[in-house]
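In this text, residue positions in the sequence shown follow this note's numbering: the first is 631, and each later residue adds one.
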Amino acid sequence: MKSSSRAWYGNDVGLSIRMLITMLLLAALYLGFVAVLWVARVPIALLVLVILVVAFSQYFLSDQIVLWSTGSRVLSPSQAPELHQIVDRLAQIADIPAPKLAMMPTRMPNAFATGKNPKTAVITVTRGLLDRLDPQELEAVLAHEMTHIKNRDVAVIGLASFFAMVASFIVQQFFFLGFTMEQGRGRRGNGAGAVMLVWLASLVVWAISYVLIRTLSRYREYAADRGSAILTGHPGHLASALQKINQSMMRTSMRDMRQAEAFNAFFIFPAIRKDSMMEVFATHPSLEHRISYLEKLQEKMEK
(Lines of atoms letter the chains of each structure in order from A; the text may use other names.)
(Lines give C-alpha, C1' and ligand atoms only; values in the text may rest on other atoms or scores of the structure.)
Protein backbone atom coordinates (compact mmCIF):
# COMPACT_ATOMS: atom_id res chain seq x y z
CA MET A 631 0.00 0.00 0.00
CA LYS A 632 2.86 2.36 0.82
CA SER A 633 4.50 2.28 -2.59
CA SER A 634 1.23 2.72 -4.51
CA SER A 635 0.18 5.48 -2.12
CA ARG A 636 3.36 7.42 -2.74
CA ALA A 637 3.01 7.01 -6.49
CA TRP A 638 -0.51 8.48 -6.38
CA TYR A 639 0.20 11.05 -3.70
CA GLY A 640 -0.88 14.53 -4.78
CA ASN A 641 -1.41 13.51 -8.42
CA ASP A 642 -4.74 15.22 -9.13
CA VAL A 643 -4.21 16.85 -12.52
CA GLY A 644 -7.40 18.92 -12.48
CA LEU A 645 -6.71 20.26 -8.99
CA SER A 646 -3.07 20.98 -9.85
CA ILE A 647 -4.09 22.92 -12.98
CA ARG A 648 -6.59 25.02 -11.00
CA MET A 649 -3.94 25.83 -8.40
CA LEU A 650 -1.44 26.74 -11.13
CA ILE A 651 -3.95 29.04 -12.86
CA THR A 652 -4.69 30.77 -9.55
CA MET A 653 -0.97 31.28 -8.88
CA LEU A 654 -0.45 32.65 -12.41
CA LEU A 655 -3.34 35.08 -11.94
CA LEU A 656 -1.81 36.25 -8.68
CA ALA A 657 1.59 36.64 -10.35
CA ALA A 658 0.08 38.69 -13.20
CA LEU A 659 -1.83 40.84 -10.72
CA TYR A 660 1.27 41.49 -8.66
CA LEU A 661 3.45 42.26 -11.69
CA GLY A 662 0.90 44.85 -12.79
CA PHE A 663 0.89 46.27 -9.29
CA VAL A 664 4.68 46.61 -9.25
CA ALA A 665 4.51 48.35 -12.65
CA VAL A 666 2.03 50.92 -11.27
CA LEU A 667 4.27 51.56 -8.26
CA TRP A 668 7.27 52.00 -10.55
CA VAL A 669 5.51 54.42 -12.89
CA ALA A 670 4.15 56.43 -9.96
CA ARG A 671 7.66 56.65 -8.48
CA VAL A 672 6.63 55.23 -5.15
CA PRO A 673 9.62 54.99 -2.76
CA ILE A 674 9.71 51.24 -3.25
CA ALA A 675 12.88 50.74 -1.19
CA LEU A 676 11.21 52.07 1.96
CA LEU A 677 8.02 50.16 1.23
CA VAL A 678 9.82 46.88 0.63
CA LEU A 679 11.90 47.38 3.78
CA VAL A 680 8.80 47.75 5.93
CA ILE A 681 7.09 44.74 4.35
CA LEU A 682 10.24 42.60 4.57
CA VAL A 683 10.46 43.29 8.29
CA VAL A 684 6.83 42.23 8.70
CA ALA A 685 7.29 39.17 6.46
CA PHE A 686 10.51 38.18 8.25
CA SER A 687 8.76 38.40 11.61
CA GLN A 688 5.82 36.35 10.38
CA TYR A 689 8.03 33.73 8.77
CA PHE A 690 10.21 33.10 11.81
CA LEU A 691 7.84 33.93 14.66
CA SER A 692 4.35 33.09 13.39
CA ASP A 693 4.48 29.45 14.55
CA GLN A 694 5.21 30.36 18.14
CA ILE A 695 2.77 33.28 18.01
CA VAL A 696 -0.06 30.99 16.86
CA LEU A 697 0.69 28.40 19.55
CA TRP A 698 0.92 31.09 22.20
CA SER A 699 -2.25 32.87 21.02
CA THR A 700 -4.28 29.65 21.05
CA GLY A 701 -2.94 28.54 24.42
CA SER A 702 -1.60 25.34 22.84
CA ARG A 703 1.08 23.32 24.61
CA VAL A 704 3.44 20.81 23.09
CA LEU A 705 2.78 17.18 24.07
CA SER A 706 5.67 14.84 24.78
CA PRO A 707 5.53 11.19 23.65
CA SER A 708 4.88 10.14 27.25
CA GLN A 709 1.90 12.50 27.51
CA ALA A 710 0.22 11.27 24.32
CA PRO A 711 1.84 7.99 23.22
CA GLU A 712 -1.01 6.87 20.92
CA LEU A 713 -1.12 10.21 19.10
CA HIS A 714 2.63 10.16 18.59
CA GLN A 715 2.46 6.61 17.22
CA ILE A 716 -0.14 7.68 14.65
CA VAL A 717 1.86 10.77 13.65
CA ASP A 718 5.12 8.81 13.41
CA ARG A 719 3.49 6.22 11.16
CA LEU A 720 1.89 8.84 8.90
CA ALA A 721 5.14 10.81 8.70
CA GLN A 722 6.97 7.67 7.59
CA ILE A 723 4.43 7.06 4.81
CA ALA A 724 4.53 10.73 3.77
CA ASP A 725 8.35 10.62 3.87
CA ILE A 726 8.78 13.70 6.07
CA PRO A 727 10.15 14.20 9.61
CA ALA A 728 7.57 13.55 12.30
CA PRO A 729 6.17 16.92 13.41
CA LYS A 730 5.70 17.93 17.03
CA LEU A 731 2.28 17.51 18.60
CA ALA A 732 0.41 20.12 20.63
CA MET A 733 -3.00 20.39 22.24
CA MET A 734 -5.28 23.44 22.32
CA PRO A 735 -7.47 23.47 25.47
CA THR A 736 -10.89 24.06 23.94
CA ARG A 737 -14.02 21.89 23.65
CA MET A 738 -14.36 22.93 20.00
CA PRO A 739 -13.28 19.97 17.82
CA ASN A 740 -10.57 21.08 15.41
CA ALA A 741 -6.94 20.76 14.32
CA PHE A 742 -4.33 22.79 12.49
CA ALA A 743 -0.70 22.65 11.35
CA THR A 744 1.94 25.35 11.54
CA GLY A 745 5.55 25.53 10.46
CA LYS A 746 7.52 27.13 7.65
CA ASN A 747 8.91 23.71 6.66
CA PRO A 748 8.52 20.05 7.68
CA LYS A 749 11.45 20.24 10.12
CA THR A 750 9.78 22.95 12.23
CA ALA A 751 6.18 21.79 11.86
CA VAL A 752 3.69 21.35 14.68
CA ILE A 753 0.29 19.66 14.47
CA THR A 754 -2.18 20.94 17.05
CA VAL A 755 -5.36 19.14 18.02
CA THR A 756 -8.05 20.43 20.35
CA ARG A 757 -9.34 18.66 23.43
CA GLY A 758 -12.77 18.58 21.80
CA LEU A 759 -11.39 16.72 18.78
CA LEU A 760 -9.84 14.00 20.95
CA ASP A 761 -13.11 13.57 22.85
CA ARG A 762 -15.36 13.30 19.78
CA LEU A 763 -13.52 11.31 17.12
CA ASP A 764 -12.75 7.61 17.03
CA PRO A 765 -9.15 6.50 16.32
CA GLN A 766 -9.68 6.07 12.56
CA GLU A 767 -11.28 9.50 12.18
CA LEU A 768 -8.54 11.08 14.27
CA GLU A 769 -5.90 9.44 12.08
CA ALA A 770 -7.61 10.89 8.99
CA VAL A 771 -7.56 14.40 10.47
CA LEU A 772 -3.88 14.06 11.40
CA ALA A 773 -3.15 12.83 7.86
CA HIS A 774 -4.89 15.94 6.47
CA GLU A 775 -2.61 18.15 8.57
CA MET A 776 0.40 16.02 7.62
CA THR A 777 -0.36 16.74 3.97
CA HIS A 778 -0.42 20.48 4.66
CA ILE A 779 3.06 20.10 6.12
CA LYS A 780 4.36 17.99 3.22
CA ASN A 781 2.94 20.48 0.71
CA ARG A 782 4.44 23.43 2.67
CA ASP A 783 1.07 25.14 2.56
CA VAL A 784 1.90 27.66 5.29
CA ALA A 785 4.88 28.89 3.26
CA VAL A 786 2.93 28.80 -0.04
CA ILE A 787 0.04 30.89 1.26
CA GLY A 788 2.49 33.23 2.98
CA LEU A 789 4.39 33.76 -0.28
CA ALA A 790 1.15 34.27 -2.21
CA SER A 791 0.07 36.87 0.35
CA PHE A 792 3.25 38.97 0.24
CA PHE A 793 2.16 41.61 -2.29
CA ALA A 794 -1.34 41.56 -0.85
CA MET A 795 0.33 42.71 2.36
CA VAL A 796 2.04 45.50 0.40
CA ALA A 797 -1.28 46.61 -1.10
CA SER A 798 -3.00 46.47 2.29
CA PHE A 799 -0.19 48.52 3.83
CA ILE A 800 -0.52 51.21 1.14
CA VAL A 801 -4.31 51.36 1.55
CA GLN A 802 -3.97 51.75 5.32
CA GLN A 803 -1.05 54.22 5.13
CA PHE A 804 -2.54 56.33 2.31
CA PHE A 805 -1.83 59.78 3.77
CA PHE A 806 1.71 58.92 4.88
CA LEU A 807 2.47 57.49 1.44
CA GLY A 808 1.09 60.59 -0.29
CA PHE A 809 3.25 62.88 1.83
CA THR A 810 6.36 60.74 1.17
CA MET A 811 5.76 60.71 -2.58
CA GLU A 812 5.27 64.48 -2.77
CA GLN A 813 8.37 65.09 -0.68
CA GLY A 814 10.33 62.89 -3.04
CA ARG A 815 9.14 64.90 -6.05
CA GLY A 816 9.86 68.20 -4.37
CA ARG A 817 6.69 69.66 -5.91
CA ARG A 818 3.69 69.64 -3.61
CA GLY A 819 0.42 69.30 -5.44
CA ASN A 820 1.76 67.73 -8.64
CA GLY A 821 1.79 64.26 -7.15
CA ALA A 822 -1.87 64.15 -6.07
CA GLY A 823 -2.95 62.24 -9.19
CA ALA A 824 -0.15 59.70 -8.84
CA VAL A 825 -0.96 59.18 -5.17
CA MET A 826 -4.62 58.56 -5.96
CA LEU A 827 -3.64 56.15 -8.76
CA VAL A 828 -1.43 54.17 -6.40
CA TRP A 829 -4.13 54.06 -3.74
CA LEU A 830 -6.78 52.88 -6.20
CA ALA A 831 -4.42 50.29 -7.68
CA SER A 832 -3.60 49.06 -4.17
CA LEU A 833 -7.27 48.80 -3.31
CA VAL A 834 -8.00 46.81 -6.48
CA VAL A 835 -4.99 44.52 -5.93
CA TRP A 836 -5.95 43.92 -2.31
CA ALA A 837 -9.57 43.11 -3.24
CA ILE A 838 -8.72 40.75 -6.12
CA SER A 839 -5.88 39.06 -4.23
CA TYR A 840 -8.24 38.58 -1.27
CA VAL A 841 -10.46 36.42 -3.47
CA LEU A 842 -7.61 34.65 -5.29
CA ILE A 843 -5.72 33.78 -2.10
CA ARG A 844 -8.88 32.30 -0.61
CA THR A 845 -9.43 30.37 -3.81
CA LEU A 846 -5.88 29.02 -3.53
CA SER A 847 -6.51 28.19 0.13
CA ARG A 848 -9.60 26.17 -0.79
CA TYR A 849 -7.63 24.24 -3.41
CA ARG A 850 -4.95 23.49 -0.82
CA GLU A 851 -7.69 22.14 1.46
CA TYR A 852 -8.87 19.81 -1.29
CA ALA A 853 -5.26 18.69 -1.78
CA ALA A 854 -4.90 18.04 1.96
CA ASP A 855 -8.18 16.07 1.97
CA ARG A 856 -6.79 14.04 -0.90
CA GLY A 857 -3.51 13.50 0.91
CA SER A 858 -5.41 12.23 3.96
CA ALA A 859 -7.28 9.75 1.77
CA ILE A 860 -4.01 8.50 0.25
CA LEU A 861 -2.09 8.27 3.51
CA THR A 862 -4.86 6.39 5.33
CA GLY A 863 -6.33 4.54 2.36
CA HIS A 864 -9.85 5.40 3.55
CA PRO A 865 -11.41 8.67 2.32
CA GLY A 866 -14.57 7.81 4.24
CA HIS A 867 -12.79 8.22 7.56
CA LEU A 868 -12.05 11.88 6.89
CA ALA A 869 -15.58 12.43 5.56
CA SER A 870 -16.98 10.97 8.78
CA ALA A 871 -14.63 13.16 10.84
CA LEU A 872 -15.66 16.32 8.99
CA GLN A 873 -19.34 15.54 9.53
CA LYS A 874 -18.79 14.96 13.24
CA ILE A 875 -16.81 18.19 13.55
CA ASN A 876 -19.57 20.10 11.76
CA GLN A 877 -22.26 18.63 14.02
CA SER A 878 -20.23 19.36 17.14
CA MET A 879 -19.56 22.90 15.94
CA MET A 880 -23.30 23.56 16.13
CA ARG A 881 -23.16 22.80 19.85
CA THR A 882 -19.96 24.71 20.59
CA SER A 883 -20.40 27.76 22.78
CA MET A 884 -20.22 31.18 21.15
CA ARG A 885 -17.38 32.06 23.53
CA ASP A 886 -15.20 29.23 22.20
CA MET A 887 -16.17 30.10 18.63
CA ARG A 888 -15.17 33.74 19.05
CA GLN A 889 -11.83 32.78 20.59
CA ALA A 890 -11.05 30.50 17.64
CA GLU A 891 -12.43 32.70 14.85
CA ALA A 892 -9.12 34.49 14.21
CA PHE A 893 -7.48 31.15 13.35
CA ASN A 894 -10.07 29.88 10.87
CA ALA A 895 -7.57 29.90 8.00
CA PHE A 896 -5.42 27.38 9.92
CA PHE A 897 -8.15 24.97 11.05
CA ILE A 898 -9.23 21.85 9.20
CA PHE A 899 -12.79 23.16 9.60
CA PRO A 900 -13.63 26.86 10.11
CA ALA A 901 -15.11 27.86 13.46
CA ILE A 902 -18.51 28.87 12.12
CA ARG A 903 -21.94 27.38 12.73
CA LYS A 904 -23.00 27.58 9.11
CA ASP A 905 -21.79 29.02 5.83
CA SER A 906 -22.19 32.70 6.64
CA MET A 907 -20.56 33.90 3.42
CA MET A 908 -20.46 32.85 -0.17
CA GLU A 909 -17.84 30.17 -0.74
CA VAL A 910 -15.86 32.48 -3.02
CA PHE A 911 -14.89 34.51 0.08
CA ALA A 912 -14.20 31.47 2.29
CA THR A 913 -10.84 29.91 3.15
CA HIS A 914 -12.34 26.39 3.05
CA PRO A 915 -14.61 24.57 0.61
CA SER A 916 -18.11 23.87 1.87
CA LEU A 917 -18.68 20.64 3.78
CA GLU A 918 -20.89 19.35 0.96
CA HIS A 919 -18.17 19.89 -1.66
CA ARG A 920 -15.50 18.25 0.51
CA ILE A 921 -17.67 15.20 1.18
CA SER A 922 -18.47 14.91 -2.53
CA TYR A 923 -14.76 15.12 -3.39
CA LEU A 924 -13.90 12.40 -0.86
CA GLU A 925 -16.70 10.16 -2.15
CA LYS A 926 -15.27 10.42 -5.66
CA LEU A 927 -11.84 9.50 -4.32
CA GLN A 928 -13.39 6.50 -2.56
CA GLU A 929 -14.88 5.33 -5.84
CA LYS A 930 -11.54 5.66 -7.63
CA MET A 931 -9.66 3.79 -4.92
CA GLU A 932 -12.15 0.92 -4.99
CA LYS A 933 -11.73 0.34 -8.74
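Backbone N, C-alpha and C define an ideal beta-carbon position, used for all residues, glycine too. These figures come from a predicted structure and were not determined experimentally.
- The count of Cβ pairs closer than 8 Å, one atom from the segment 871-881 and one from the segment 912-927, reaches three, so the stretches are in contact.
- The beta carbon of alanine 770 sits closer than 6 Å to those of Ser858, Thr862, His867, Leu868 and Ala871, all from its chain and outside the five residues before and after it, given in chain order.
- Bounds of any beta strand (DSSP E) do not take in isoleucine 902, whose DSSP letter is neither H nor E.
- Taking 8 Å as the upper bound for CB-CB distance, glycine 758 and alanine 751 are not in contact here, some 22 Å apart.
- Beta-carbon to beta-carbon, isoleucine 843 and leucine 659 are separated by about 10 Å, too far to satisfy the 8 Å threshold.
- Secondary structure note for phenylalanine 792: its alpha helix (DSSP H) is the uninterrupted segment 792-802.
- Under the DSSP assignment, arginine 703 falls in the beta strand (DSSP E) whose first and last residues are 703-705.
- Out of Glu712, Trp698 and Ile800, the CA that lies nearest to the CA of glutamine 889 is found in Trp698.
- DSSP places isoleucine 787 in the helix class (H, G or I) of the three-state scheme.
- Under DSSP, lysine 730 takes part in a beta bridge, and its partners are Val752.
- Setting aside the 5 residues that flank it on each side, serine 878 is surrounded in the same chain by Met738, Pro739, Gly758 and Arg762, each with a C-beta closer than 8 Å to its C-beta; the list follows chain order.
- Between alanine 743 and valine 704, the CB-CB gap reaches or exceeds 8 Å.
- Here DSSP, grouped into helix, strand and coil, assigns alanine 871 to helix.
- Around the Cβ of methionine 880, a 10 Å sphere holds fewer than 16 other Cβ atoms; the residue is exposed.
- Distance check between glutamine 928 and each of Ser646, Pro865, Met884 and Ile902 places Pro865 closest, using alpha-carbon atoms only.
- In the three-state scheme derived from DSSP, where H, G and I count as helix and E and B as strand, threonine 862 is classed as helix.
- Rounded to the nearest angstrom, the Cβ distance from threonine 700 to aspartate 886 is 12 Å, too far for a contact under 8 Å.
- Taking alanine 895 as the centre and dropping the five residues before and after it, the same chain places the C-beta of Ser847 and Thr913 closer than 7 Å to its C-beta, in chain order.
- DSSP places threonine 777 inside the alpha helix (DSSP H), whose first and last residues are 765-780.
- Going by beta carbons, valine 717 and proline 729 fall inside the 8 Å limit.
- Judged by their CB atoms, alanine 824 and arginine 671 are nearer to each other than the 8 Å cut-off.
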